[in-house]
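Student:
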Amino acid sequence: MIKVTNLKETDNIKPLMLRAYIARKITALMEEYSVDTLDDIGCFIVLEKEEFSEFPIGEMEFVEMLEIGDKMYLHSVRIVSDNYAEDYFLEIERT
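Numbering (numbering that gives the first Met the number 0), first residue to last: 0 to 94.
Right under this line is the structure:
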């Protein structure tokens with residue numbers, strides 16, 4: 000699992016297309032909320048395939064299939080509080 004709250008932490012995300020996607024989202028959120036990190040407003044969590052059980056599907060606001068580059072991801076957002084949310088990404092096999 001990789002938890003990301005700033006642009007530097009995206010360096011650990013593979014593949015590159017997912018890294019770029021999350022970096023764009025982080026940049027947009029930091030501009031919108033005028034912050035340098037997402038520490039106080041949320042985070043992005045990238046799970047490995049074998050970490051499927053860590054994906055709290057019952058606690059999610061929504062779940063969608065998201066194609067980024069040549070990969071498919073299960074993407075969802077969990078609202079932790081009025082001011083904090085977690086975006087989850089889990090690579091899945093194409094059917």
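Just so it is clear, CB atoms sit at the ideal spot from N, CA and C, and this is done for glycine as well.
(1) In whole angstroms, give me the CA-to-CA distance for L15 and D81.
(2) Taking Cβ to Cβ, would you say F54 is nearer than 8 Å to L46?
(3) Going by DSSP, which residues form a beta bridge with A84?
(4) So, at 7 Å on beta carbons, what are the nonlocal neighbours of N11 in its own chain, with the 5 sequence-adjacent residues on each side left out?
(5) Residue range of the alpha helix (DSSP H) that I56 falls in?
Tutor: The relevant details are as follows:
(1) Position 16 of the sequence shown, counted from the first residue, corresponds to residue 15. Position 82 of the sequence shown, counted from the first residue, corresponds to residue 81. For L15 and D81, the distance between alpha carbons rounds to 31 Å.
(2) The sequence position of residue 54 within the sequence shown is 55, counting from 1. The sequence position of residue 46 within the sequence shown is 47, counting from 1. Yes, the Cβ-Cβ distance between F54 and L46 is below 8 Å.
(3) Against the sequence shown, residue 84 aligns to sequence position 85. In DSSP, A84 forms a bridge with G41, I78.
(4) The count along the sequence shown starts at 1 and reaches residue 11 at position 12. Closer than 7 Å at the Cβ level, and outside the excluded window around N11, lie I1.
(5) Taking the first residue of the sequence shown as position 1, residue 56 is located at position 57. Premise fails: I56 is in no alpha helix (DSSP H) and is neither H nor E.
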